[in-house]
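Visitor: First residue of the sequence shown? That's 1 in the UniProt record's numbering, and the numbers climb one at a time after it.
This structure is in structure tokens; I'll ask about it shortly.
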Amino acid sequence: MPERIYRLAVDVTLKAIAGKWKTSILCNLGNKPMRTGELKRQLPGISQRILTKQLNELEQEKIIKKKIYPEVPPKVEYCLTDNGRALREVLLVMSKWGMQQTNLQNNDGHHYKILDKNLYGFTNMNNKDAERRQIDNL
Numbered sequence: 001m002p003e004r005i006y007r008l009a010v011d012v013t014l015k016a017i018a019g020k021w022k023t024s025i026l027c028n029l030g031n032k033p034m035r036t037g038e039l040k041r042q043l044p045g046i047s048q049r050i051l052t053k054q055l056n057e058l059e060q061e062k063i064i065k066k067k068i069y070p071e072v073p074p075k076v077e078y079c080l081t082d083n084g085r086a087l088r089e090v091l092l093v094m095s096k097w098g099m100q101q102t103n104l105q106n107n108d109g110h111h112y113k114i115l116d117k118n119l120y121g122f123t124n125m126n127n128k129d130a131e132r133r134q135i136d137n138l
């Protein structure tokens, strides 16, 4: 394998999540394991080719794993790895910062718009009140 050199460790993180759909994929997989068709329905506008490419890249980074069930027709399901669950915590903090940055920029006359303000895909707790407290305390 060729050597990859990064100036900062954060660049490794940003490279791993680079791509228009990766964070949305991770948000959805943060809720539960999903099949490709189910993910595609949750991500209007994504093509099958791009979804497959982004899933493969996330799998290569060991952020998600693919489980193939021995059935006919074959059933394939994707879920977060331990590494992916750790990344979810980072994405939650980044989401909160992004919302604050949007408010700051909009107050300064810019026009930022976030289509999906639901942070809860990045947490997967059974108790929604505890989940909201966790997000509010960031």
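Note that CB positions come from ideal geometry on N, CA and C, so glycine has one too.
Compute the beta-carbon to beta-carbon distance between Arg49 and Val76, rounded to the nearest angstrom, for a pair I have assumed lies under 8 Å.
Guide: Arg49 to Val76, Cβ: 16 Å. No contact.
Visitor: How far does the alpha helix (DSSP H) with Leu55 in it extend, from its first residue to its last?
Guide: First-last of the alpha helix (DSSP H) with Leu55: 48-60.
Visitor: Of all the options Glu3, Arg7, Ile17, Ile5, which has the alpha carbon lying nearest to the alpha carbon of Asn83?
Guide: Ranking Glu3, Arg7, Ile17, Ile5 by Cα distance to Asn83 puts Ile17 first.
Visitor: If you measure from the beta carbon of His110 to each beta carbon in chain B, is any gap under 9 Å?
Guide: The displayed structure is made up of one protein chain only, and chain B is not part of it.
Visitor: What separation, rounded to the nearest whole angstrom, lies between the Cα atoms of Pro70 and Glu38?
Guide: Pro70 and Glu38: Cα-Cα distance of roughly 19 Å.
Visitor: Do Lys62 and Leu55 have their C-beta atoms closer together than 9 Å?
Guide: Their beta carbons are not under 9 Å apart, which means Lys62 does not touch Leu55 by this criterion.
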